[in-house]
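In what follows, a single structure is set out as C-alpha cells and then discussed.
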C-alpha cells in the first residue's frame, strides 16, 4: 500500500516537472513580474514595489495600439455605452452651465485640448477637484511654459533645415507698457520666444539692432533667413544694421501692413470716400431702425450687411461689396407699401436714404471699386495668414493685382493710372525687396507655367523635367516640391527651400496679444515673466492649417471680387 502511494506521488512530481519545463510564450512584462516576485527576502520592499510597478507600466503599453475611446469609430467602454441619455444630458448641462457662467466662447469646444481635458478627468473618476486659483496661475502656468520650451527646442532641427523668420511685433498693454514680442516662423508653425519691456529704453535703430542680435544669437545666425518688422524708419534701419552684422540675414517689411496702406491710400480718394459715406448712411439707417431691419431679415437668402470680415483690414471695401450685394433688397424696401406708409420715409434721413438707393451710379461705382480692391484683398489675405509660407507668392500677387486693374479698365491709361500709381509707389518705396524676387523666381508654381515653356527650356532638364515634377509644380507647396524634385541641383535646392519656407508678414499673430489682457491680473504676480509664460502656452503648439495655395485661398465673404 505504501509503495503504491509513493509511486503515485512520484508520478505526480514527474508530471509537474515536465509541465514546468515546457516553454510557454510569455511577454516581457510577465517575465519581469515573475522575476520581481522571486526577489530574495533580504531585498527591501521598496525595490519589490518598484519592480512590480515597472512591469505594470510595460504591460499597459498595449493601450498605445488602440485609439482613444473618444476617437470617431472607436469602441466605447461598457460603462459609457450603458450610460442613459439622462446621464449624458446631465454631464452636458454641467459643461454648458460652466460656459455660460464664465462667458467662455463656444469655439473653445473646438480646441484640440478640449476632449483631452474630459478624457483625463474621466480617467481619474469621481472625486477629482479642479486646480486652485493660485496653482493654475503660478505652478501649472510655469509647468506649461517649461513644456512649451521643450517643444520649441524640438523646432531647432526644422530651423536648421528650412531656415526661419524672426518676427518682431510691438504693442502696448493696459498698463501702458511698451512691449516688443519676438516670434519665430517656420513651416511647422509660429513659436513665441520672449517679450521685452521697452518702456524705459530708447527705441532707436542701434538699441533695436542689439535686441534683434540677441535673439538671433539664441536661435542661431545660420538658421535665420530674414527678420520681418513693421515699416517704421527705426525698425528699417535696425534691420539694415543687423544685415551688416549678419550678412546672411535680410530685413523685410510686413507685407500685410504695406497692403493695408495701399488700400488705405485708395480708400482716401475723393470718389471712394464719398461712396463710403453713403454706404455708411445706408447701414446706420437700417440698423438703427429695428422694424426696417426685421423686414429685411425676412427676405429670402438674407445675410447681414455688417458682419465680421475675412480680414482685419480693408473694411471699407468689404462693406461696399456687402452693400452692393443687398441692393435688390434695399430697392425692394423703399418701394414696398410697408416703408412708403411709414413715418420714417417722410423724414429728411429717410428721403436721403431713398435718393442714395435710387442712384444707379452709386451702385455701379460700388461694383467697380469692389472689383478693383478684389485682387489686393485676396493678396492681403494670403500674406496675412501664417498657415503656409507666403513669401513665394507676394511678387506675383502684386503683378496680378496691377494687371487685373488694367484689364478691368480695358487698358485705358487715364482710368487705371490713379490706382496703379498708388500701388507702384508703395511697392517701390516700402515693400519691394530682393528676397521677394528670388522667391518668385524659385517658385515652381510660376516657373512651370505652360505659357512660358518655350522661353524657359533650360528649367526642364534632369529631375526638373520629370512628368510628375511638372504635374506637382502647381499642386505641392513650393518648398516641399524642391525637397522632392530638386536633387539635380543640390546647392540651389538648399537655397530654394530656405527662401520658399518663409512668411512675408509679421501680422499673422498680432491679433493674439489682446488675449493677454483677458487673463485678468495674470501679470500682477511675477511681472513680464508671467506674461511670457502665458504667451509661451498660447503659441507653444503649432497648428498648421490645411494645404492652401494661391489659387485655393478661401474667399468667404468676398465672392467674385
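Numbering (UniProt numbering), first residue to last: 1 to 561.
We put the CB at the ideal spot given by N, CA and C, even for glycine.
What do you reckon, are the CB atoms on residue i and residue j nearer than 9 Å?
{"i": "residue 439", "j": "residue 392", "result": "yes"}
{"i": "residue 418", "j": "residue 503", "result": "no"}
{"i": "residue 401", "j": "residue 379", "result": "yes"}
{"i": "residue 256", "j": "residue 383", "result": "yes"}
{"i": "residue 505", "j": "residue 428", "result": "no"}
{"i": "residue 211", "j": "residue 184", "result": "no"}
{"i": "residue 372", "j": "residue 266", "result": "yes"}
{"i": "residue 285", "j": "residue 374", "result": "no"}
{"i": "residue 354", "j": "residue 342", "result": "no"}
{"i": "residue 164", "j": "residue 158", "result": "yes"}
{"i": "residue 170", "j": "residue 198", "result": "yes"}
{"i": "residue 409", "j": "residue 399", "result": "no"}
{"i": "residue 299", "j": "residue 332", "result": "yes"}
{"i": "residue 370", "j": "residue 317", "result": "yes"}
{"i": "residue 436", "j": "residue 492", "result": "no"}
{"i": "residue 108", "j": "residue 100", "result": "no"}
{"i": "residue 168", "j": "residue 152", "result": "no"}
What three-state label does DSSP hand residue i in the structure shown?
{"i": "residue 302", "result": "coil"}
{"i": "residue 189", "result": "strand"}
{"i": "residue 168", "result": "strand"}
{"i": "residue 412", "result": "coil"}
{"i": "residue 390", "result": "coil"}
{"i": "residue 14", "result": "helix"}
{"i": "residue 490", "result": "helix"}
{"i": "residue 133", "result": "helix"}
{"i": "residue 239", "result": "helix"}
{"i": "residue 93", "result": "helix"}
{"i": "residue 144", "result": "helix"}
{"i": "residue 575", "result": "Residue 575 lies beyond the range of the chain shown here (1 to 561); nothing can be said about it."}
{"i": "residue 104", "result": "coil"}
{"i": "residue 358", "result": "coil"}
{"i": "residue 328", "result": "helix"}
{"i": "residue 260", "result": "helix"}
{"i": "residue 347", "result": "coil"}
{"i": "residue 284", "result": "helix"}
{"i": "residue 445", "result": "helix"}
{"i": "residue 128", "result": "coil"}
{"i": "residue 475", "result": "coil"}
{"i": "residue 407", "result": "helix"}
{"i": "residue 177", "result": "coil"}
{"i": "residue 279", "result": "helix"}
{"i": "residue 430", "result": "helix"}
What are the residues that DSSP puts in a beta bridge with residue i?
{"i": "residue 253", "result": "229"}
{"i": "residue 194", "result": "182"}
{"i": "residue 224", "result": "164"}
Excluding sequence positions up to five away, which residues of its chain have a Cβ less than 6 Å from the Cβ of residue i?
{"i": "residue 221", "result": "246"}
{"i": "residue 42", "result": "Note that residue 42 scores 41 on pLDDT, short of 50, meaning its location in the model is unreliable; the coordinates nonetheless yield the value given after this. Excluding sequence neighbours, residue 42 sits near nothing in its chain."}
{"i": "residue 396", "result": "440, 446"}
{"i": "residue 128", "result": "121"}
Taking residue i and residue j to be in contact with their CB atoms under 8 Å, please state how far apart those CB atoms are, rounded to whole angstroms.
{"i": "residue 499", "j": "residue 225", "result": "7 Å"}
{"i": "residue 444", "j": "residue 404", "result": "Incorrect: roughly 23 Å between the Cβ atoms, too far for contact."}
{"i": "residue 275", "j": "residue 320", "result": "6 Å"}
{"i": "residue 282", "j": "residue 368", "result": "Incorrect: roughly 18 Å between the Cβ atoms, too far for contact."}
{"i": "residue 507", "j": "residue 479", "result": "Contact doesn't hold; Cβ gap of about 21 Å is too wide."}
{"i": "residue 219", "j": "residue 249", "result": "The pair is not a contact, with the Cβ atoms about 10 Å apart (cut-off 8 Å)."}
{"i": "residue 570", "j": "residue 482", "result": "In this structure the chain extends from 1 to 561, so residue 570 is not present and cannot be described."}
{"i": "residue 420", "j": "residue 406", "result": "7 Å"}
Does the Cβ of residue i lie closer than 8 Å to at least one heavy atom of the ligand MG?
{"i": "residue 268", "result": "Here there are no bound small molecules, and the ligand MG is not part of this structure."}
Given residue i, which residues of its chain have a CB within under 7 Å of its CB, disregarding the five upstream and five downstream residues?
{"i": "residue 203", "result": "234"}
{"i": "residue 376", "result": "259, 262, 263, 401"}
{"i": "residue 363", "result": "324, 327"}
{"i": "residue 213", "result": "242, 245"}
{"i": "residue 155", "result": "186, 188, 191"}
{"i": "residue 10", "result": "none"}
{"i": "residue 464", "result": "485, 488"}
{"i": "residue 131", "result": "140"}
Residues in its own chain within less than 8 Å of residue i by CB, not counting five upstream and five downstream?
{"i": "residue 241", "result": "205, 206, 209"}
{"i": "residue 338", "result": "295"}
{"i": "residue 253", "result": "228, 229, 230, 231, 236, 430, 431, 433"}
{"i": "residue 8", "result": "none"}
{"i": "residue 365", "result": "271, 275"}
{"i": "residue 94", "result": "none"}
{"i": "residue 279", "result": "319, 320, 323, 366"}
{"i": "residue 49", "result": "A caution first: residue 49 carries a pLDDT of 37, below 50, which makes its placement in the model unreliable, though a value can still be read off. For residue 49, where only same-chain residues beyond five positions count, there are no Cβ hits under 8 Å."}
{"i": "residue 160", "result": "220, 222, 223"}
{"i": "residue 336", "result": "295"}
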